[in-house]
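Each residue of the sequence shown is one higher than the last, beginning at -5 in the numbering used here.
Where is the CB? At the ideal position from N, CA and C, for every residue including glycine.
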Amino acid sequence: MEVQETRVQTDRVLTIPNILSMARLVGVPLFLWLILQKHDGWALLVLALSGVSDYLDGKLARRWNQISSLGRLLDPAADRLYILSTLFGLTWREILPLWLTAALIAREAMLLVMVGILRRHGYPPPQVNFLGKAATFNLMYAFPLLLLSDGHGWLPSLAAIFGWAFAGWGTTLYWWAGILYVVQVARLVKADAKAD
């Protein structure tokens, strides 16, 4: 089900929610560098701050009526870049298996194709739906837990159990949301064909 936004959308760029999203984007290369250098504590802190700003930018945009075209692009872009950088870093360190990384990247590639089709038909990218947001939250919980699992003792063992549970749910929901986007795009294209 698509999330409908009934509030006024602004074209302002320098809003607090947009600044939070921009800060999240700036944190992506720092986060990746920290993972690759095995500074896991600092990487987790950057990821936690990213999660807090992700929550705040949407909440503040709605509360202060600062929903913007730029914000609608920055927020999912930041989510995807964190997911991709985490995938790369955790796969490089052999914490994530290559098949899981390939499954998540294949879903992103599928969505890029859908966005291209929508643009060709004059439509904007699809709205983020609740299922897609839930998938992202699951993956955002999975990755720090899997990063914590890279060690020995009871805490890494516990982190691995919960990390893999979130990764499984997140991957499933991620693909489910992706398939719903494909169905949505197919309906729009079919409606356009009938209109012609």
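Inset, instruction - Taking all protein chains shown into account, decide if Phe25 is buried (16 or more other Cβ within 10 angstroms of its Cβ) or exposed. - result: Along the sequence shown, read from residue 1 onward, the residue named residue 25 stands at position 31. Result: buried.
Legend entry - Exposure label - Pro138; buried when at least 16 CB within 10 Å: Translated into the one-based positions of the sequence shown, residue 138 becomes position 144. Buried.
Inset, instruction - Pick helix, strand or coil for Val(-3), following the three-state DSSP scheme. - result: Within the sequence shown, numbered from 1, the residue matching residue -3 stands at position 3. At Val(-3), the pLDDT of 40 sits below 50, so the modelled position is not reliable and the matter cannot be decided from this model.
Inset, instruction - State yes or no: is the C-beta of Leu28 within less than 7 Å of the C-beta of Ala37? - result: Translated into the one-based positions of the sequence shown, residue 28 becomes position 34. Translated into the one-based positions of the sequence shown, residue 37 becomes position 43. Result yes, Cβ atoms of Leu28 and Ala37 sit closer than 7 Å.
Inset, instruction - Please name the residue in Leu68, Glu102, Asn12 whose C-alpha comes closest to that of Trp58. - result: If you number the sequence shown from 1, residue 58 lands on position 64. Comparing Cα-Cα distances from Trp58 to each of Leu68, Glu102, Asn12, the minimum goes to Asn12.
Inset, instruction - Throw me the rounded Cβ distance for the Leu81 and Leu92 pair, which I believe falls under 8 Å. - result: The sequence position of residue 81 within the sequence shown is 87, counting from 1. The sequence position of residue 92 within the sequence shown is 98, counting from 1. No, Leu81 and Leu92 are not in contact; Cβ-Cβ is about 10 Å, not under 8 Å.
Inset, instruction - Let me know the alpha helix (DSSP H) ranges lying completely inside the region 62 to 127, each 4 residues or longer, listed in chain order. - result: 63 to 86, 92 to 114
Inset, instruction - Sort Met134, Ala128, Leu8 by Cα distance to Ser229 and report the nearest one. - result: No information on residue 229 is available, as it lies outside the stretch -5 to 190 that the chain covers here.
Inset, instruction - Can you tell me which of the three DSSP states Gln60 falls into? - result: Reading the sequence shown from its first residue, position 66 is the one you call residue 60. Coil at Gln60, not helix or strand.
Inset, instruction - Report yes if the C-beta distance between Ser15 and Asp73 is below 7 Å; otherwise report no. - result: In the sequence shown, residue 15 corresponds to position 21, counting from 1. In the sequence shown, residue 73 corresponds to position 79, counting from 1. No; because the gap between Cβ atoms is not below 7 Å, this pair is not in contact.
Inset, instruction - Inspect the beta-carbon positions of Ile111 and Val179 and report whether they are closer than 7 Å. - result: Sequence index remark: in the sequence shown, residue 111 carries index 117 (1-based). Sequence index remark: in the sequence shown, residue 179 carries index 185 (1-based). Taking 7 Å as the Cβ cut-off, Ile111 and Val179 qualify as a contacting pair.
Inset, instruction - Just tell me which of Ala136, Trp169, Ala171 has its CA closest to the CA of Ala154. - result: By one-based count along the sequence shown, residue 154 stands at place 160. Checked all of Ala136, Trp169, Ala171; the closest Cα to Ala154 is Ala136.
Legend entry - Spatial distance of Phe124 from Val46 (CA atoms): If you number the sequence shown from 1, residue 124 lands on position 130. If you number the sequence shown from 1, residue 46 lands on position 52. Cα-Cα distance, rounded: 18 Å.
Inset, instruction - Check Ser44 in the structure and name its three-state DSSP category. - result: Residue mapping note: residue 44 aligns to position 50 of the sequence shown, counting from 1. In the structure shown, Ser44 sits in a helix (DSSP, three-state: H, G or I).
Legend entry - Cβ neighbour criterion (16 or more within 10 Å) applied to Gln60: As a working note, residue 60 is residue 66 in the sequence shown. The residue in question, Gln60, is buried, as its Cβ has 16 or more Cβ neighbours within 10 Å.
Legend entry - Euclidean distance between Cα positions of Tyr49 and Pro70: To locate residue 49, count along the sequence shown from 1; it is residue 55. To locate residue 70, count along the sequence shown from 1; it is residue 76. So the two alpha carbons sit approximately 12 Å from each other.
Inset, instruction - Count the C-beta pairs between the region 104 to 123 and the region 144 to 151 that are closer than 8 Å, then say yes if the count reaches three, no if not. - result: no
Legend entry - Three-way DSSP call (helix, strand, coil) for Asp51 in this model: Counted from its first residue, the sequence shown places residue 51 at position 57. It is helical.
Inset, instruction - Measure the C-alpha to C-alpha separation of Leu182 and Leu174 and round it to an integer number of angstroms. - result: In the sequence shown, counting from the first residue as 1, residue 182 sits at position 188. In the sequence shown, counting from the first residue as 1, residue 174 sits at position 180. If I take the Cα positions, the gap works out to 12 Å.
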